[in-house]
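Chemist:
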Amino acid sequence: MSGYDNNKLGELRPNQIITSFGPGSIVDAVKDSVTVLDINYWREKGKKIIDGRLASYLNVDCFYMPRTSYSGDVPVVTFPYKHVCSNINCGRVFDARDDFELDKYLRYGVNCPDCHKQAYPSRFITICDNGHMNDFPWHWWVHKGNSTCKGKIRMYSTGTTSTLADMWVECTCGAKRSMSGATQKENFEGLSCTGHHPFRPNHKNERCDKKMIPSQRGASNVYFAVSRSAISIPPWVNPLFNLIDEHLRDIELAKTLMGDEGVTKIYEIYFSNFTRKEFDDALQRRQNNITEFTEIKQMEYDAITHHADPAYASNKKNFKAEEDPLPNYLKKYFDRIIRVTRLREVKVLLGFTRVDAPDPDADVQANVVYLNKGKTEKWLPAAEVNGEGIFIEFNRNTIDCWLSDAKMKVLSDKYEDCYKDFCDDKGWTVAVLRDARYVLMHTYAHLLIKQMSMSSGYSSSAIRERIYFGDKMSGILLYTGSADKEGSLGGLVELGNVNRLNELMRDAFQEALLCTNDPECLNNTPAGNNSNGAACHSCGMISETACENGNRMLDRGLVVPITGRENQSYFKELVIELCQLEA
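Right under this line is the structure:
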C-alpha cells in the first residue's frame, strides 16, 4: 500500500501491519476506511524471516515480512460497507458495494448514488466476542425492531454539536430515531451476531451465538493483534539451523518418499559442510516441537545468562552481550546485570481478538480469530527488529527469603488467585501462575522504563519489557530497537553501566515512594478482576505498547517501602541507602 500513486488508498509499514493494522483491522485510508484481508488473499510476500523456535511453536514452515514496497501489495476491502453522503441536504445511508466500480472508486472514493457527492464511511459498526464484525443494523434501529420496510435511510444533524443525541436517522416510510444510545449494548437485546468476517470476503457467514456489541469504527476494542515474539539467540541463529529451516520441507518430503536414505541424500546435497552428527542433532532439535511459550523464554534466558559460553557466543551478528562484576551492595538483590549490545526480535502475527485484549504468554486463548496459514507452505506475517537491551537477573535466594514472610505469603497467594480468576474468566490457559515474585519484577521494570525514557533519548513507548518468570527464571529484559538494519544507537545499553543504573534506580525509587493519587493509590489492593496493588497511571503504569501484560500485576509497595507496608519492600535497605531515608 505504499509507493506514490494518485489512486493509492494509503500507506502501511510492515511493523504497523504486525502490531496495529493487520488482517481484520480497520484502517483509515485517504478516501475511505478499509479492512486488511486475510493472508491467503495476499498475492505477494516480502522478505523471508527464519526463526526455528517460533516456527516450531506455531507449527509453520517460515515467516514472511509483509511486502509494502509497491502500490497494491496489501489487499483490502472497503469497510464499513455502509456509507453516509456528505451532502447535508441528502445524507443518504447506502451500501458502497452496490454498483461498485473499482477504477472509479480508486480515483474518486465512494460517491452517493443519489446526488453523486462524496460519501464517508459510517462511524457505527457491530462486533462480537468471537471476533466477528459487521455493519450497524440501520433498518432495525430506525424501526425499533425487525421490519419488512425497504425504504431509503438518511442521516442528519439537528444541533450544532457532534453528540449522538443530535444525530438522527430517518426512513422514507416516516420512521425516525435519534442515535443516542447507539453504542450501548443493552439497547440491542435480542440481536445476535451475524457471524460475518469482512476480511474474508469469499467466506460464508459463520454460526455465532454471541450477542451483538455496538461500537464505533475507531474504538480501541475493535481490534487487538495476537502476536508472539522471540529474541534470536544462539544456537538457533547459527548457519546450520538456518539452513535446516530453509530446506525443512525438502527433508520432510524426502523422508516421506525414501525414508532415511532420502534424508541422507538431502544431507549430501545441502549440508556437506557439517558433520552428519551435527546435522542429525540439529534436525532432531528442530523437529521436537515446542509446545509452551515458556520454553521459548527459557531458551532465551539460558542464552543471555550463559552469553560467555562458547555454545552461545558463536553468532555475533544477531546476539552480543557483555557483563561487568556486580558491586557487593547489589549482590543481595541481583545475580547479574548484562548489557545486550545487539539483539534481534522476531514478532509474528497470529490473528486478532475483539472486545478484550489477549494475554501475551497464554498458550490457549478463547475467541482468537487465527489467520489462514496456507496449505502448501504454512506461513505467517512477521517483522524483525534490531536493537539493544539491559538484562537484570534477580537473586533467587533473596526473593525466596523475602517471600517466606507470612504476610508476604498471604499477599503472594492473593495475587496468584486474582491472576488465576482473571485467566479463567477470559478462557486462557497459562502454564505458570504469577505471584508476588512476578509482580515485583514487573513493577521494577516499569519504574526503570519511566526513568530510562528521560535519560536514553527513547520515549517510554519505545522501550519494551520482557519478563522471564518461572521455576528456573527470575529476570527482566528492557530493550528497544528499530526495523532498519543497524538497529538502535546505543543509548539504552549505556544505562546498563552499574554507576548509571544506580542513578536510575535512585530516581525511580524516589518517584515511586509517593504518588499524586495517594492515598487512593496507596490503599489499592488486588481483589477479584483487579490484579493491581498500589499502582496507577501516575506512578507504575506505562504505555500499553511497552508493557507485555496490559498494565496488570503491578504494585510499587513490593519495590519501595510505602506507608503502612514498609516491610513488604524487596529493596527496602537499598532504597533507604540510595534515597537517604531515615531507617
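Quick note: to get my numbering, add 749 to the position in the sequence shown (first position is 1). Built from N, CA and C at the ideal position, the CB exists for glycine as well.
If you count every other CB in all the chains shown that lies within 10 Å of the CB of His-952, and 16 or more means buried, which is it?
Modeler: Counted from its first residue, the sequence shown places residue 952 at position 203. With fewer than 16 Cβ atoms within 10 Å of its Cβ, His-952 is classed as exposed.
Chemist: Under the assumption that Tyr-857 contacts Ser-835 (Cβ atoms under 8 Å), give the Cβ distance between them as a whole number of angstroms.
Modeler: As a working mapping, residue 857 is identified with position 108 in the sequence shown. As a working mapping, residue 835 is identified with position 86 in the sequence shown. Contact doesn't hold; Cβ gap of about 13 Å is too wide.
Chemist: Rounding to the nearest angstrom, what Cα-Cα distance links Glu-1126 and Asn-808 in this structure?
Modeler: As a first step, residue 1126 must be located in the sequence shown, where it is residue number 377. As a first step, residue 808 must be located in the sequence shown, where it is residue number 59. Their Cα atoms are separated by approximately 11 Å.
Chemist: List in chain order: all unbroken beta strand (DSSP E) runs of 3+ residues lying wholly within the stretch 1266-1305.
Modeler: Segments of the beta strand (DSSP E) lying fully in the stretch 1266-1305: there are none.
Chemist: Nearest by alpha-carbon distance to Thr-907: which of Trp-890, Gly-900, Cys-920 and Met-928 is it?
Modeler: What you label residue 907 is simply residue 158 of the sequence shown in a count that begins at 1. Closest option to Thr-907, Cα to Cα, is Met-928.
Chemist: Alpha carbon to alpha carbon, what distance is there between Leu-761 and Val-776?
Modeler: Here the question's residue 776 lines up with position 27 in the sequence shown. Here the question's residue 761 lines up with position 12 in the sequence shown. Answer to the nearest angstrom: the Cα atoms are 9 Å apart.
Chemist: Of all the options Ala-1194, Leu-1098 and Asp-1105, which has the alpha carbon lying nearest to the alpha carbon of Ile-1141?
Modeler: Reading the sequence shown from its first residue, position 392 is the one you call residue 1141. It is Ala-1194 whose Cα lies nearest to the Cα of Ile-1141.
Chemist: Tell me, please, whether the stretch 1157-1164 touches the stretch 1254-1271 by the rule of three or more beta-carbon pairs shorter than 8 Å.
Modeler: No contact exists between the stretch 1157-1164 and the stretch 1254-1271.
Chemist: Determine the contact status of Asn-1088 and Ile-1139, defining contact as a CB-CB distance below 9 Å.
Modeler: On the sequence shown, residue 1088 is found 339 positions in, with the first residue counted as 1. On the sequence shown, residue 1139 is found 390 positions in, with the first residue counted as 1. In the sequence under discussion, the amino acid at residue 1088 is Arg, which differs from the Asn named in the question. In contact: Arg-1088 and Ile-1139 (Cβ atoms closer than 9 Å).
Chemist: Near Ser-1318, what residues of its chain come up, given a Cβ to Cβ distance below 6 Å and the 5 sequence neighbours on each side ignored?
Modeler: Taking the first residue of the sequence shown as position 1, residue 1318 is located at position 569. Result list for Ser-1318: Val-1309 and Pro-1310, in chain order.
Chemist: Can you list, in chain order, the residues of its chain with a C-beta nearer than 6 Å to that of Arg-1215? Leave out the 5 residues immediately preceding and following it.
Modeler: Position 466 of the sequence shown, counting from 1, holds the residue named residue 1215. Excluding sequence neighbours, Arg-1215 sits near Leu-1226.
Chemist: What residue from Ile-1198, Tyr-1217, Gly-1219 and Phe-1218 has the CA that sits closest to Ser-1209's CA?
Modeler: Start at 1 with the first residue of the sequence shown, and residue 1209 comes out as number 460. Considering only alpha carbons, the answer is Ile-1198.
Chemist: Can the beta-carbon of Phe-1020 be found less than 9 Å from the beta-carbon of Val-785?
Modeler: The count along the sequence shown starts at 1 and reaches residue 1020 at position 271. The count along the sequence shown starts at 1 and reaches residue 785 at position 36. No; because the gap between Cβ atoms is not below 9 Å, this pair is not in contact.
Chemist: Tell me the DSSP secondary structure of Asp-1084 in three-state form.
Modeler: Position 335 of the sequence shown, counted from the start, is the residue given in the question as residue 1084. If DSSP states are grouped into helix, strand and coil, Asp-1084 belongs with the strands.
Chemist: Looking at the structure shown, is Ser-1015 part of a helix, part of a strand, or coil, going by DSSP?
Modeler: Position 266 of the sequence shown, counted from the first residue, corresponds to residue 1015. The sequence shown places Ile at residue 1015, rather than the Ser named in the question. Ile-1015: helix per DSSP, three-state reduction.
Chemist: List, from N- to C-terminal side, the alpha helix (DSSP H) runs of 4 residues or more that fit wholly inside the stretch 1125-1204.
Modeler: Here the runs fully enclosed are 1145-1152, 1155-1175 and 1185-1204.
Chemist: Using 9 Å as the threshold, is the C-beta distance between Ser-1135 and Leu-1098 below it?
Modeler: Against the sequence shown, residue 1135 aligns to sequence position 386. Against the sequence shown, residue 1098 aligns to sequence position 349. According to the sequence shown, residue 1135 is Asn rather than Ser. Going by C-beta atoms, Asn-1135 is not nearer than 9 Å to Leu-1098.
Chemist: Just to confirm the assignment, what range does the alpha helix (DSSP H) spanning Asp-884 have?
Modeler: Position 135 of the sequence shown, counted from the first residue, corresponds to residue 884. Not the alpha helix (DSSP H): Asp-884 falls in the beta strand (DSSP E), residues 882-884.
Chemist: Report the residue ranges of all beta strand (DSSP E) runs contained in full by the stretch 763-791; include only those spanning at least 3 residues, in chain order.
Modeler: The qualifying runs are 775-777 and 782-785.
Chemist: Which class does Lys-1046 belong to by DSSP, given the choice of helix, strand or coil?
Modeler: Here residue 1046 corresponds to residue number 297 of the sequence shown, with the count starting at 1. Helix.
Chemist: So, are the CB atoms of Lys-1096 and Glu-1133 less than 9 Å apart?
Modeler: Here residue 1096 corresponds to residue number 347 of the sequence shown, with the count starting at 1. Here residue 1133 corresponds to residue number 384 of the sequence shown, with the count starting at 1. Contact flag set, yes.
Chemist: By the DSSP assignment, the alpha helix (DSSP H) with Gly-1240 in it spans what residues?
Modeler: Within the sequence shown, residue 1240 is the residue found at index 491, counting from 1. 1240-1243 is the extent of the alpha helix (DSSP H) around Gly-1240.
Chemist: Return the CA-CA distance between Pro-963 and Pro-772, expressed in angstroms with no decimal places.
Modeler: For the purposes of this step, residue 963 is identified with residue 214 of the sequence shown, where counting begins at 1. For the purposes of this step, residue 772 is identified with residue 23 of the sequence shown, where counting begins at 1. Between Pro-963 and Pro-772, the C-alpha separation is close to 21 Å.
Chemist: Is the beta carbon of Cys-872 sitting closer than 9 Å to the one on Tyr-972?
Modeler: In the sequence shown, residue 872 corresponds to position 123, counting from 1. In the sequence shown, residue 972 corresponds to position 223, counting from 1. With the sequence shown as reference, residue 872 is identified as Arg, and Cys is not the correct amino acid for it. No, these two residues do not count as a Cβ contact at 9 Å.
Chemist: Check this for me: beta carbons of Arg-1301 and Tyr-1168, under 9 Å apart or not?
Modeler: Within the sequence shown, residue 1301 is the residue found at index 552, counting from 1. Within the sequence shown, residue 1168 is the residue found at index 419, counting from 1. In this structure, Tyr-1168 lies closer than 9 Å to Arg-1301 by Cβ.
Chemist: Throw me the rounded Cβ distance for the Ile-902 and Phe-885 pair, which I believe falls under 8 Å.
Modeler: As a working note, residue 902 is residue 153 in the sequence shown. As a working note, residue 885 is residue 136 in the sequence shown. With a Cβ gap of about 11 Å, Ile-902 and Phe-885 do not count as contacting.
Chemist: Quick check on Ala-1111: does DSSP put it in helix, strand or coil?
Modeler: Stepping through the sequence shown from its first residue, residue 1111 is reached at position 362. Residue state, collapsed to three classes: coil.
Chemist: Among Asp-878, Tyr-1050, Ser-1202 and Met-916, which has the Cα closest to the Cα of Val-891?
Modeler: Indexing the sequence shown from 1 puts residue 891 at position 142. Of the candidates Asp-878, Tyr-1050, Ser-1202 and Met-916, the one whose C-alpha sits nearest the C-alpha of Val-891 is Met-916.
Chemist: Quick check on Val-826: does DSSP put it in helix, strand or coil?
Modeler: In the sequence shown, residue 826 corresponds to position 77, counting from 1. DSSP places Val-826 in strand when its eight states are reduced to three.
Chemist: Please determine, among Tyr-1082, Glu-1072 and Met-961, the residue with the shortest C-alpha to C-alpha distance to Thr-932.
Modeler: On the sequence shown, position 183 is the one that residue 932 refers to. For the residues Tyr-1082, Glu-1072 and Met-961, the minimum Cα distance to Thr-932 belongs to Met-961.
Chemist: Helix, strand or coil: how does DSSP classify Gln-1406 here?
Modeler: Only positions 750 to 1332 of the chain appear in the structure, and residue 1406 is not among them; the question remains open.
Chemist: Between Gly-880 and Phe-1101, which are expected to be in contact by the criterion C-beta below 8 Å, what is the C-beta distance as a whole number of angstroms?
Modeler: Within the sequence shown, numbered from 1, the residue matching residue 880 stands at position 131. Within the sequence shown, numbered from 1, the residue matching residue 1101 stands at position 352. Sure, about 7 Å apart at Cβ, within 8 Å.
Chemist: Tell me which residue opens and which closes the alpha helix (DSSP H) that Ile-1039 is part of.
Modeler: Looking up residue 1039 in the sequence shown gives position 290. Note, Ile-1039: premise wrong, no alpha helix (DSSP H); not H, not E.
Chemist: Count the other CB atoms within 10 Å of the CB of Ala-1295; is the residue buried (16 or more) or exposed (fewer)?
Modeler: For the purposes of this step, residue 1295 is taken as the residue at position 546 of the sequence shown. So Ala-1295 ends up on the buried side.
Chemist: Using a Cβ-Cβ cut-off of 6 Å (strictly less than) and excluding sequence neighbours within five positions of Ile-1148, which residues of its own chain qualify?
Modeler: Residue numbering aside, residue 1148 sits at position 399 when the sequence shown is read from its first letter. Around Ile-1148: Arg-1186.
Chemist: Would you mind working out which of Glu-919, Thr-912, Cys-877 and Pro-1130 sits nearest Lys-893, comparing C-alpha positions?
Modeler: On the sequence shown, position 144 is the one that residue 893 refers to. Ranking Glu-919, Thr-912, Cys-877 and Pro-1130 by Cα distance to Lys-893 puts Glu-919 first.
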